[in-house]
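Protein chains in written order, with our numbering: chain A, 1 to 329; chain B, 1 to 540; chain C, 1 to 262.
A virtual CB, placed ideally from N, CA and C, is assigned to each residue, including glycine.
Values in this document were obtained by computation on a predicted structure and should not be read as measured data.
Before any comments, here is the structure.
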């Protein structure tokens with residue numbers, strides 16, 4: 001009894017909505033990075049098992065929490081596609097020495113350079129490589145699935161930095177509006193029958209235009225209602241600030257561009273490229289911060305940062321550390 | 001609290017880019033005090049909305065146009081301010097609350113305004129408690145907005161408009177989508193806000209019959225640019241937008257005009273007028289449509305229980321009942337495009353009048369030619385760029401001679417500008433256009449779903465005339481409506497739906513007569529059997 | 001003051017161009033990868049999956065700094081919602097892609113910044129509604145955003161017919177462009193390394209491009225793109241006359257028509 005109570009309390013502390021949306025995304029990203037960098041099947045399976053266990057343990061009854069089966073099916077699909085690809089578009093390179101079986105091979109030419117060879121010798125090592133690579137991508141997908149099943153997407157929009165406030169508002173307006181729009185599309189589609197006329201793709205005009213006119217009307221009302229409540233006030237922001245935000249943004253973009261080039265190029269160390277990209281990431285965050293300075297809004301009911309979040313952050317850091325130092329290789 | 005000096009608004013002409021000659025508002029000088037509850041009324045399109053919006057900067061910043069003159073709010077000159085600069089001072093609520101929500105839950109919606117103004121979160125929390133209590137929505141705070149009823153949503157919208165401590169509240173037709181009971185509650189609430197809490201409340205309305213008795217003063221926007229302020233009883237000398245109670249008072253020559261029901265009833269009791277019973281020029285003809293045991297079910301809910309009814313040639317039948325009683329489902333089922341879970345609808349054949357055909361066996365086109373409908377939002381059927389394109393499309397579709405739809409339209413609505421965009425027409429003109437398009441298909445039976453939504457009194461009278469023309473042509477019309485005064489003007493017979501069933505079928509003078517649940521305003525005032533509309537009065 | 005704003009604006013333009021270019025590079029990395037080591041290509045893939053969201057956010061910040069007023073925002077919101085809903089209704093039927101015509105026409109009327117946000121936002125919201133959030137989402141958002149960005153720069157010819165012709169031509173190009181970018185993204189993802197259709201790390205751009213085209217053809221990607229091109233251009237032909245009028249009316253009423261030279 002006591003143990004059960006204890007477990008229930010533990011579960012409540014770590015339930016999906018008690019943890020900050022950002023923490024879930026951090027964990028998901030670190031798991032995705034770890035899976036992306038490893039070729040060790042056990043690590044990959046461990047990542048998938050861990051993600052599933054966390055989802056099972058922490059999830060609550062919310063519409064977005066049921067999506068994990070979608071990610072599982074997608075992961076299985078990726079592995080299957082990888083294996084089928086291996087079988088069908090086999091590489092006719094040097095003969096492998098661990099042939100499992102041989103399919104009658106077909107070769108066809110599309111008039112583009114090399115011949116495409118279908119089927120042929122299937123080796124154990126190539127199938128294993130395909131399997132592990134598929135598993136790696138499934139693990140990335142499931143890691144993202146973890147964040148998506150545990151974090152409320154609306155909360156994520158609410159906690160966007162204020163440089164992206166307008167866009168986040170447009171997106172949450174769109175999410176609120178979608179069910180109403182589905183209803184009005186159905187309404188207009190039925191009304192359309194009363195007018196008579198074409199069906200299929202051609203009828204889309206008679207449906208889209210009235211709905212669009214309605215929604216535009218509605219959007220201007222919405223804008224009036226937002227503005228009348230104070231949306232659109234701007235704090236004083238000096239020219240220097242604007243200029244420096246622009247410059248920071250530019251440098252972040254430039255750094256990432258150079259980083260991408262170096263990462264792709266033969267010459268140059270990939271460590272330097274990665275360093276540049278990390279720099280770009282930092283500058284990007286700085287840009288967002290700079291652009292957020294001007295706003296004069298306050299935030300009612302900011303998402304709470306409970307101590308349990310530190311556990312998630314610690315796990316994420318550990319996973320990331322192991323991945324970057326090659327312990328998962 | 002509010003003072004305007006020579007406030008003038010003119011929209012720009014699309015071609016010349018100059019201000020048009022007829023300003024919407026012209027040299028408006030009004031003064032309103034703290035704690036005053038003001039009704040803003042006037043015919044549709046007269047500029048009621050523009051006047052309200054001019055007081056919080058939405059005009060001209062959101063609508064275009066040129067605004068001149070001075071605007072003083074709370075003792076400060078606020079001429080030319082943007083809406084967001086006036087947000088602490090003026091709250092604004094528009095027609096459809098669901099269209100102006102930004103957040104997904106009640107509490108977040110109310111907090112939105114104060115957040116924009118950068119108010120401290122702790123203060124926001126106490127403000128929310130305060131307005132929620134004032135508006136009676138404390139128990140709704142954590143609910144999603146989509147789960148609320150129309151009346152509750154309107155209260156939330158008002159709370160959201162007041163959450164930053166505004167002293168002035170502007171409402172643009174806030175009750176137009178509400179049923180009578182919730183509309184009355186909202187009006188009572190607004191009166192309290194003005195009288196108990198000292199706010200200046202401006203309410204623009206066109207359904208003013210039951211509001212006019214509650215307010216302190218009336219601003220009449222005349223439509224020629226002038227705006228006058230007067231006491232409620234002295235405001236009306238214009239029947240374009242006068243409700244039946246005012247019409248009655250004008251007809252009876254009462255002075256001062258009574259604006260409250262009980263005052264009018266006392267005056268009537270003291271000296272009633274003579275009136276004639278409703279006379280009908282023609283008797284209804286043969287049955288055009290008969291439905292037998294028609295039922296509609298969506299999943300587990302029965303929208304319409306097995307129902308039988310007949311529509312005769314040359315009669316107008318009204319279908320009344322509360323929201324959700326199944327009126328709309330019944331209409332769609334009768335037309336044949338809606339869901340039907342049982343029963344048959346038959347129409348009389350045009351060629352051989354003694355035979356009937358089951359509408360289920362007709363294709364969509366043949367059915368539209370026999371029984372047609374104008375849905376609740378008539379504009380849903382309009383999708384082309386100009387009126388003339390719509391008319392041409394209609395002629396083509398109905399394979400009738402070119403110009404037929406246009407002739408129908410001018411017969412019922414006079415001439416419309418053929419190059420106008422259908423969306424720029426008034427609600428009444430859109431309705432007439434759709435009516436003409438549907439009539440061009442030649443249907444003998446016409447169904448209308450809530451056609452008076454968004455129409456003022458004069459447009460309703462026009463629509464009533466249009467329907468009477470159809471009656472004279474020998475068509476059968478079924479109108480679903482909860483607009484009692486409109487039904488009183490047009491219908492011959494009333495069907496009342498309750499919980500998916502026709503609970504009552506009665507002649508007009510019984511269904512809307514005194515003592516009935518749906519009594520018309522005149523029936524209620526006079527308490528005289530058989531008297532329901534002003535046109536029955538016989539003046540000495 | 002005017003000069004400093006001009007400088008800020010030029011920097012912002014430059015950042016946008018550079019970010020758009022980098023993002024295309026990030027899509028097409030298998031073509032450009034010079035390193036022959038399979039391990040390094042794996043690192044590159046992981047890094048690029050993380051880099052795309054960064055580029056996307058930087059671009060969105062650049063566009064958001066260009067003053068989104070409440071009216072633009074509200075129109076954006078409803079168009080994104082409409083687009084997401086239409087996309088959901090059209091989904092499931094092979095080759096039918098109903099999301100693009102509204103992005104292209106909307107961007108054409110309201111301009112590039114609006115177009116980028118409309119494109120990326122539509123895909124974001126429809127993914128949230130259908131539960132399709134995954135590592136591919138930032139790539140889809142970027143590709144659709146670029147389609148909108150491009151549509152905003154199209155020439156506004158005199159005469160309605162000419163404008164519609166331009167839009168249809170652009171729709172066909174954009175359908176294949178979007179298709180090619182997304183195939184480029186799933187190429188290393190689905191084919192992996194070492195098959196006859198896979199990219200070869202370190203091989204020349206031309207030979208990898210040939211393999212890419214073979215992959216497009218043999219996996220049916222081109223058919224899919226063709227379907228997208230046909231449905232998008234058909235929808236534009238059908239709806240553009242009315243949509244252009246409706247959106248321009250809205251733009252005029254809201255006072256937010258696309259400015260000259262944008």
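Chain C beta carbons: is any one of them nearer than 8 Å to that of residue i?
i                      : result
residue 236 of chain B : no
residue 104 of chain A : no
residue 312 of chain A : no
residue 178 of chain A : yes
Going by DSSP, name the residue or residues bridged to residue i.
i                      : result
residue 8 of chain B   : B/68
residue 316 of chain B : B/477
residue 494 of chain B : B/318 and B/506
residue 106 of chain A : A/118
residue 41 of chain B  : B/220
residue 290 of chain B : B/310 and B/346
residue 295 of chain B : B/342
Mind checking residue i: buried by the 16 CB within 10 Å criterion, or exposed?
i                      : result
residue 45 of chain A  : exposed
residue 71 of chain C  : buried
residue 469 of chain B : exposed
residue 331 of chain B : buried
residue 142 of chain C : buried
residue 339 of chain A : It is not possible to answer for residue 339 of chain A, since the shown part of chain A is limited to 1 through 329.
residue 56 of chain A  : exposed
residue 162 of chain C : exposed
residue 84 of chain C  : buried
residue 350 of chain B : exposed
Roughly how many angstroms separate the alpha carbons of residue i and residue j, rounded to a whole number?
i                      : j                      : result
residue 25 of chain B  : residue 9 of chain B   : 5 Å
residue 85 of chain B  : residue 160 of chain B : 17 Å
residue 247 of chain A : residue 176 of chain B : 52 Å
residue 182 of chain A : residue 86 of chain A  : 42 Å
residue 242 of chain B : residue 194 of chain A : 35 Å
residue 227 of chain A : residue 169 of chain B : 15 Å
residue 52 of chain C  : residue 173 of chain A : 25 Å
residue 83 of chain B  : residue 77 of chain A  : 53 Å
residue 477 of chain B : residue 288 of chain B : 10 Å
residue 272 of chain B : residue 232 of chain B : 23 Å
Are the C-beta atoms of residue i and some chain B residue less than 8 Å apart?
i                      : result
residue 2 of chain A   : In this predicted model, residue 2 of chain A has a pLDDT of only 46, less than 50, meaning its place in the structure is not dependable enough to derive any value.
residue 259 of chain C : Note that residue 259 of chain C scores 45 on pLDDT, short of 50, meaning its location in the model is unreliable; the coordinates nonetheless yield the value given after this. Answer no: the Cβ-Cβ gap between residue 259 of chain C and chain B never drops below 8 Å.
residue 209 of chain A : yes
residue 213 of chain A : yes
residue 56 of chain A  : no
residue 81 of chain C  : no
residue 65 of chain A  : no
residue 53 of chain C  : no
Does chain A have any CB closer than 8 Å to the CB of residue i?
i                      : result
residue 97 of chain C  : no
residue 253 of chain C : yes
residue 34 of chain C  : yes
residue 60 of chain B  : no
residue 155 of chain C : no
- Message: Counting only Cβ-Cβ distances shorter than 7 Å, please list the residues of the stretch 121 to 151 of chain C near chain A, keeping chain order.
- Response: 121, 124, 125, 128, 129, 131, 133, 134 and 135
- What residues in the stretch 372 to 385 of chain B bring their beta carbon closer than 9 Å to a beta carbon of chain C? 383, 384 and 385
- Query: Going along the stretch 167 to 195 of chain C in order, which residues come within less than 8 Å of chain A, judged by CB to CB distance?
  - Reply: 189, 190, 191, 192, 193, 194 and 195
- Along the stretch 410 to 423 of chain B, what residues have a CB closer than 8 Å to any CB found in chain C? 421 and 423
- Item | Residues, ordered as in the chain, of the stretch 147 to 161 of chain A that lie near chain C by beta-carbon distance below 7 Å | 148 and 153
- Residues within the stretch 116 to 127 of chain B neighbouring chain A, beta-carbon criterion of under 8 Å: 116, 117, 118, 119, 120, 121, 124 and 125
- Residues in the stretch 45 to 56 of chain B having any Cβ partner in chain A nearer than 7 Å: 56
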